[in-house]
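Numbering (my numbering), first residue to last: 275 to 375.
For glycine and all other residues, C-beta sits at the position ideal for the given N, C-alpha and C.
Below is one structure, written out as structure tokens; the observations come after it.
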């Protein structure tokens with residue numbers, strides 16, 4: 275059986291995969307942060323759903339990283355998990371291609 279890391283390394287060499295992978299990082303990071311906040315709050319997806327007045331499946335979709343939530347939804351999630359939202363932008367390395375653009 276091939277390990278995920280091995281597949282990722284192989285796919286990163288394929289045209290277009292690396293760019294698509296890097297483009298998806300923000301969504302995956304958001305999903306990870308949502309899951310962490312829920313776990314730290316000690317609540318289940320069902321608990322969060324009830325506090326947000328939504329369904330457990332909607333919370334699962336939020337945590338999947340496939341759906342980009344609105345700020346209103348994020349705020350409801352934050353209230354449900356007794357959390358605060360912080361948004362950060364960090365500078366990227368400047369490449370020759372970006373500098374020329």
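key: CB contact flag (residue 323, residue 315, <8 Å)   = One-based indexing of the chain shown puts residue 323 at position 49. One-based indexing of the chain shown puts residue 315 at position 41. A distance of 8 Å or more separates the beta carbons of residue 323 and residue 315.
query = Considering residue 280, what are the terminal residues of the alpha helix (DSSP H) in which it resides?
reply = Residue numbering aside, residue 280 sits at position 6 when the chain shown is read from its first letter. Boundaries of the alpha helix (DSSP H) around residue 280: 278-285.
query = With burial defined as no fewer than 16 other Cβ atoms inside 10 Å of the residue's Cβ, what is the status of residue 281: buried or exposed?
reply = Here the question's residue 281 lines up with position 7 in the chain shown. Taking every protein chain shown into account, the CB of residue 281 has fewer than 16 other CB atoms within 10 angstroms, so this residue is exposed.
inquiry  = One question on the structure: do residue 359 and residue 348 come within less than 8 Å of each other, judged by their Cβ atoms?
reply    = Sequence index remark: in the chain shown, residue 359 carries index 85 (1-based). Sequence index remark: in the chain shown, residue 348 carries index 74 (1-based). Yes.
key: Buried or exposed by the 16-neighbour rule on C-beta atoms within 10 Å, applied to residue 288   = In the chain shown, the residue the question calls residue 288 occupies position 14. For residue 288, the number of other beta carbons within 10 angstroms of its own is below 16, and it is reported as exposed.
message = Taking the alpha-carbon of residue 350 as reference, which of 326, 344, 365 has the nearest alpha-carbon?
response = One-based indexing of the chain shown puts residue 350 at position 76. Ranking 326, 344, 365 by Cα distance to residue 350 puts 326 first.
inquiry  = Given a cut-off of 8 Å on the beta-carbon distance, is the pair residue 311 and residue 355 in contact?
reply    = Position 37 of the chain shown, counted from the first residue, corresponds to residue 311. Position 81 of the chain shown, counted from the first residue, corresponds to residue 355. Going by C-beta atoms, residue 311 is nearer than 8 Å to residue 355.
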